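Residue numbers (the UniProt record's numbering), protein chains in the order written: chain H, 1 to 329; chain U, 1 to 79.
Please read the structure below before turning to the comments.
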């Protein structure tokens, strides 16, 4: 086993994997990489098994020093990357030696770069996952974001990594549109909004506020009316409240009616705000790359469309994996 | 003349707290590493530091203004 020396942690860099699934019933959110597609491609580029833990940075990436020869890859947000100060490509297999330093410039498009290292980040499993859950400080590297001076344990690489220089074709990389379209399935409490409010929810172009992190994204731009009713016992007086229910990851709640919040990987698992719909899992990858000041729109779809989109993402991921492994020969 | 750009998107503040004096005024001479502004993002306040000694000739944003990555916040001159 060897280590990765963190020279600086960037703005907020955490260890993440596919997520802590199966613990929702005890109130434990899944955490895990917000953009699962970019995360998975990063692992493929260094020859890791799909669920190996990698680093998720936010806006400003970390500065990392290697202590042995490793494969490394950066995917996700569009940003400048350098090894020992020399520009290096993203969405490509890279090779580093002991003493080499990987550093980041500012993010041009998207919000979250992913860094996979051959062998994976070998922090201990917590409830079956290496993902960091920042709110309660569990999992990942001591339950927190990386800081200068940290030494991250690395696993032993298994199998062959794609040869250095192997690149992911342009059409299989993440995209960063000016307006991010988020498909959503209406429910569980969409009935609480007036028809006009539901219509305006999908007509309005919402802006991502500064309160946008792994817990959720707060949006601004419109105002939504609720159907007047006498609140049932346990729901509280605010029309935006219901009797408590579970919040699916991706659910959209509207406290007060004017600032929708999309709950994401580190969100609380239940509460009493009306949840008017759920952003489909595939589009949460895109939401992860929407940044503060960015714009999003919602498009209603049914569950079949959501499942089909998930199937398409799997096909796209298989294509990306094939593209990087084919060039190996 | 050169400029200082934002490295993260968020909300710009000229002062450490609402009732405190601004970190700097137009015309202030600052040292490398000195804090000259804050950008609030993801519920945290990130310090904007001068990367070299210089004189800040122009402050282009006000408290509470939204700022995007790469947006110019200050114009500075060599002292």
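Ideal placement from N, C-alpha and C gives every residue a C-beta, glycine not left out.
Every value quoted in this text rests on a predicted model; they were computed, and no experiment measured them.
Take residue 185 (chain H), set aside five residues on each side of it, and the residues of its chain with a beta-carbon closer than 8 Å to its own are 277, 278, 280, 300, 301, 302, 303 and 306, in chain order. Distance from the CA of residue 170 (chain H) to the CA of residue 320 (chain H), rounded to the nearest whole angstrom, comes to 10 Å. In the DSSP assignment, residue 201 (chain H) falls outside any beta strand (DSSP E) and lies within the alpha helix (DSSP H) extending over 195–203. In the DSSP assignment, the residues bridged to residue 298 (chain H) are H:182. Cβ atoms of residue 6 (chain U) and residue 67 (chain U) come within 8 Å of each other, at about 5 Å. Within its own chain, the residues whose Cβ lies closer than 6 Å to the Cβ of residue 235 (chain H), once the five positions on either side in sequence are excluded, are 241, 242 and 243, listed in chain order. Close partners of residue 293 (chain H) in chain U (Cβ separation under 7 Å): 9, 66 and 68.
Residues are counted here when their Cβ sits less than 9 Å from a Cβ of chain H; for the region 33–61 of chain U these are 39, 40, 41, 42, 43, 44 and 46, given in chain order. The C-beta separation of residue 143 (chain H) from residue 137 (chain H) comes to about 3 Å, placing the pair in contact by the 8 Å criterion. Annotated as proximal: residue 35 (chain H) and residue 285 (chain H), with beta-carbon spacing under 7 Å. For the region 102–119 of chain H, the set of positions with a beta-carbon nearer than 8 Å to some beta-carbon of chain U reads 106, 107 and 108 in chain order.
Per the C-alpha coordinates, the member of H:219, H:114, H:254 and H:100 positioned closest to residue 91 (chain H) is H:114.
Contact of residue 213 (chain H) with chain U is assigned, a C-beta pair being separated by under 7 Å. Between the alpha carbons of residue 31 (chain H) and residue 308 (chain H) lies a distance of about 24 Å. The C-beta distance from residue 215 (chain H) to residue 294 (chain H) rounds to 17 Å, too long to meet the 8 Å contact threshold. Contact annotation, residue 258 (chain H) with residue 43 (chain U): C-beta distance approximately 20 Å; criterion of less than 8 Å not satisfied. Residue 204 (chain H) is not a Cβ neighbour of residue 116 (chain H), given a cutoff of 7 Å. According to the DSSP assignment, residue 281 (chain H) belongs to the alpha helix (DSSP H) that extends over 281–288. Interface annotation, residue 217 (chain H): not in contact with chain U, CB-CB separation never under 7 Å. Residues 96, 117 and 118 of the same chain have their beta carbon placed closer than 6 Å to that of residue 70 (chain H), with the five preceding and five following residues left out of the count.
Per DSSP, residue 262 (chain H) is one residue of the beta strand (DSSP E) stretching across 261–263.
Rounded to whole angstroms, the Cβ separation of residue 323 (chain H) and residue 94 (chain H) is 16 Å, and the two are not in contact under 8 Å. Chain U places a beta carbon closer than 7 Å to that of residue 60 (chain H), counting this residue as a contact. Residue 21 (chain U) has its alpha-carbon roughly 41 Å from the corresponding atom of residue 201 (chain H).
Counting of Cβ neighbours within 10 angstroms places residue 191 (chain H) among the exposed residues, the total staying below 16.
Counting of Cβ neighbours within 10 angstroms places residue 84 (chain H) among the exposed residues, the total staying below 16.
Interface flag for residue 135 (chain H) against chain U is unset, since no Cβ pair is found closer than 7 Å.
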